[in-house]
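S.K.:
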Amino acid sequence: MNIFRLAGDMTHLASVLVLLLKIHTIKSCAGVSLRTQELYAIVFATRYLDIFTSFVSVYNTFMKLVFLGSSFSIVWYMRYHKAVLRTYDREQDTFRHWFLVLPCLVLALLIHEKFTFLEVLWTFSLYLEAVAILPQLVLLQRTRNIDNLTGQYIFLLGGYRGLYILNWIYRYFTEPHFVHWINIALCRLLLLLFP
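The sequence shown begins at 3 in the numbering used here and counts up by one.
1. Are the stretch 163 to 177 and the stretch 28 to 39 touching by the rule of at least three beta carbon pairs closer than 8 Å?
2. Under 8 Å, with one C-beta from each stretch per pair, do the stretch 110 to 120 and the stretch 8 to 21 reach the 3-pair mark?
3. At what residues does the alpha helix (DSSP H) containing L123 begin and finish?
4. At what residues does the alpha helix (DSSP H) containing T38 begin and finish?
5. Going by the CB atoms, is the gap between Y172 and G10 shorter than 8 Å?
6. Under 8 Å, with one C-beta from each stretch per pair, do the stretch 117 to 132 and the stretch 43 to 53 reach the 3-pair mark?
7. At the level of alpha carbons, what is the spacing between K29 and R144?
8. Do K66 and I53 have their C-beta atoms within less than 8 Å of each other?
9. Cα separation between R7 and F69?
10. So what does DSSP say about M80, is it helix, strand or coil?
11. On a CA-only basis, which of L158, T176, P178 and G164 is nearest V20? Give me that one, please.
12. Using the Cα positions of V133 and L102, report the straight-line distance between them to the nearest angstrom.
13. Would you mind stating whether L130 and V45 have Cβ atoms separated by less than 8 Å?
Listed below in structure tokens is the structure:
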């Protein structure tokens, strides 16, 4: 593991903790898109299916369990916890997020490294994670009301993605036998779109 991946994991963990702090402690999900959280739950459920078939390390397994558990906890809180549910702005969070899932699945079926069940789902999770933030950004644009914790959550989530791009670049130069070309292609695309 390199420093960029560790920093990315810790930044991602911090973003989840900030969001859980807001939802659990303050009992508010104002400004948070349930649709984005549902997409992230799908991302981690499809990416981490290998937890049942292979063991990499205790750290790897622990982080996968944390991200799976936290994603589904956030969705549960926002859907079923009465105090939190009252603060959810359903009228503004109307992005049709399910329309993102099918194109990502089709893309994963067409463009993957190896046509196996787990590989296609892993590739699908990469594509879906790239667009999962869209409902959150649309919600923030509509409400134009970003509280401190929601802003920190978005900032940390962006930091996590940025650090993972650095991780892919680092691995490209130091571990060419282990680099996935899809990660490199996504990284190059992001660098072209956001110079």
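Heads up, the beta-carbon is just placed ideally off N, CA and C, and yes, glycines get one too.
M.R.: Concretely, from the data shown:
1. Not touching, per the Cβ criterion.
2. Pairwise C-beta distances place the stretch 110 to 120 out of contact with the stretch 8 to 21, as fewer than three of them are shorter than 8 Å.
3. F119 to V133 is the span of the alpha helix (DSSP H), which, as asked, contains L123.
4. Element bounds for T38: L36 to R49.
5. For G10 and Y172, no; Cβs fall outside 8 Å.
6. The stretch 117 to 132 is in contact with the stretch 43 to 53.
7. Those two C-alpha atoms are separated by around 22 Å.
8. Going by beta carbons, K66 and I53 fall inside the 8 Å limit.
9. Taking C-alpha positions only, R7 is separated from F69 by approximately 15 Å.
10. In the structure shown, the three-state DSSP call for M80 is helix.
11. Comparing Cα positions, the closest option is L158.
12. Each residue's alpha carbon lies about 7 Å from the other.
13. The criterion of a C-beta distance shorter than 8 Å is satisfied by L130 and V45.
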